[in-house]
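Only one structure is covered here, and it is reproduced in the block below.
In the working numbering, the protein residues as written are 2 to 170.
So this is what it looks like as structure tokens:
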């Protein structure tokens, strides 16, 4: 994860806690985890960790190709000698074309501050589609800005949108 041991361990604790809450209250939701596939060696090194700390507590785990998200990721990619795939192509077992980006149609991404984001890689608040502290999820999901962005994705032309500078395009 490229984070401190404290944050890494906290993430593992949160996975287990989410599973126990889901089971205790019979919530009808899925818990999913993903890992970035760098190479077979890295995958092998992760198997024990996944088997002990992740797989028992999620409904599904899947592998993702290495995406570039710029900044820290680009520096680390260069250090490790890895070349990322273009765009958010989904899971390794079901890759798809980067445009239209499936994420803007299928998933809501909520920031810690309560913003609905258009992008699953938005760690900096660059793809805000609505403030969930002020509006409902459905109002933000169906906002004019989000509808215009989805329309551009369907046309496979994101020039002039928040997505224009994505490394995928």
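Just so it is clear, CB atoms sit at the ideal spot from N, CA and C, and this is done for glycine as well.
I need the straight-line Cα distance from residue 30 to residue 111, nearest angstrom please. Within the chain shown, residue 30 is the residue found at index 29, counting from 1. Within the chain shown, residue 111 is the residue found at index 110, counting from 1. Distance between the alpha carbons of residue 30 and residue 111 is about 16 Å.
What is the residue span of the alpha helix (DSSP H) that residue 171 lies within? Only positions 2 to 170 of the chain appear in this structure, which leaves residue 171 out of reach.
Between the C-alpha atoms of residue 99 and residue 130, what's the straight-line distance to the nearest angstrom? On the chain shown, position 98 is the one that residue 99 refers to. On the chain shown, position 129 is the one that residue 130 refers to. So the two alpha carbons sit approximately 20 Å from each other.
Should residue 119 go down as buried or exposed, given a rule of 16 or more other Cβ atoms within 10 Å for buried? Counted from its first residue, the chain shown places residue 119 at position 118. Residue 119 is buried by the Cβ-count criterion.
Any idea what DSSP makes of residue 73, helix, strand or coil? Position 72 of the chain shown, counted from the first residue, corresponds to residue 73. Interpretation of residue 73 is limited by its pLDDT of 47, a score under 50 that renders its predicted location unreliable; the figure taken from the coordinates is listed afterwards. Correct three-state label for residue 73: helix.
Among 6, 151, 108 and 166, which residue has its Cα nearest to the Cα of residue 138? Counted from its first residue, the chain shown places residue 138 at position 137. Looking at the Cα atoms, 108 is the closest of the given residues.
Are residue 32 and residue 64 touching if we call contact CB-CB under 8 Å? In the chain shown, the residue the question calls residue 32 occupies position 31. In the chain shown, the residue the question calls residue 64 occupies position 63. Contact: no.
Counting along the chain, where does the beta strand (DSSP E) carrying residue 117 start and finish? Your numbering for residue 117 matches position 116 in the chain shown. 116–118 is the extent of the beta strand (DSSP E) around residue 117.
Once the 5 residues before and after residue 165 are set aside, which same chain residues still bring their CB inside 8 Å of it? The count along the chain shown starts at 1 and reaches residue 165 at position 164. The answer, listed in chain order, is 159.
How about residue 128 and residue 155: are their beta carbons less than 8 Å apart? For the purposes of this step, residue 128 is identified with residue 127 of the chain shown, where counting begins at 1. For the purposes of this step, residue 155 is identified with residue 154 of the chain shown, where counting begins at 1. Not in contact: residue 128 and residue 155 (Cβ atoms no closer than 8 Å).
Suppose you measure from the CA of residue 61 to the CA of residue 140; what does that come to, to the nearest Å? Numbered from 1 along the chain shown, position 60 holds the residue referred to as residue 61. Numbered from 1 along the chain shown, position 139 holds the residue referred to as residue 140. Spanning the two alpha carbons is a distance of roughly 30 Å.
By Cβ distance below 7 Å, which residues in the same chain neighbour residue 10 in space, the five residues on each side in sequence not counted? Along the chain shown, one-based indexing puts residue 10 at 9. Counting only Cβ-Cβ distances below 7 Å, and skipping sequence neighbours, we find nothing.
Since residue 142 and residue 126 should fall inside the 8 Å C-beta cutoff, what is the C-beta to C-beta distance between them, to a whole number of angstroms? Here residue 142 refers to the residue found at position 141 of the chain shown. Here residue 126 refers to the residue found at position 125 of the chain shown. Not a contact, Cβ separation roughly 17 Å.
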